[in-house]
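As structure tokens, the structure follows; a few thoughts come after it.
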Amino acid sequence: MPKQQFNTSHTTSGQGLLWLFGAILAIQGFGSAITEAGWNTSFGVAGLLRAAHVPEWGTLLVGCAGAALLATAARHRYAKGRARRRP
Numbered sequence: 036m037p038k039q040q041f042n043t044s045h046t047t048s049g050q051g052l053l054w055l056f057g058a059i060l061a062i063q064g065f066g067s068a069i070t071e072a073g074w075n076t077s078f079g080v081a082g083l084l085r086a087a088h089v090p091e092w093g094t095l096l097v098g099c100a101g102a103a104l105l106a107t108a109a110r111h112r113y114a115k116g117r118a119r120r121r122p
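The letter at position 60 of the sequence shown is residue 95 when you use my numbering, and the numbering goes up by one with no holes.
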């Protein structure tokens with residue numbers, strides 16, 4: 036019986052982009068919220084959102100969007116790993 040071959044790369048370019056954008060949004064969103072709360076200064080996403088007159092909790096939404104993208108990327112990777120182990 037021929038052995039089935041799998042793609043050796045662990046992530047596709049789309050999967051890698053999910054990880055990248057998720058990390059960027061999570062760091063910018065939560066980091067901006069913490070910085071603004073602790074030092075009363077805004078930078079990055081928080082600065083842009085303040086200029087657009089978005090409420091203070093808007094940066095937390097950006098961080099949550101990043102966390103959701105990271106969770107989606109992790110779920111896809113876990114499902115792909117489980118599919119590989121099945122005979």
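Note that the Cβ used here is the ideal one computed from N, Cα and C, for glycine as well.
How should residue i be labelled, buried or exposed, when 16 other C-beta atoms within 10 angstroms of its C-beta is the threshold for buried?
i: Gly57; result: buried
i: Ser67; result: buried
Helix, strand or coil: which one does DSSP assign to residue i?
i: His111; result: helix
i: Phe56; result: helix
i: Phe65; result: helix
i: Val97; result: helix
i: Thr43; result: Because Thr43 sits at a pLDDT of 47, beneath the cut-off of 50, its placement in the model cannot be relied upon, and the point is left open.
i: Glu71; result: helix
To the nearest angstrom, how far is it from the Cα of residue i to the Cα of residue j?
i: Cys99; j: Leu105; result: 10 angstroms
i: Thr94; j: Ala72; result: 11 angstroms
i: Ile62; j: Gln50; result: 18 angstroms
i: Gly64; j: Tyr113; result: 25 angstroms
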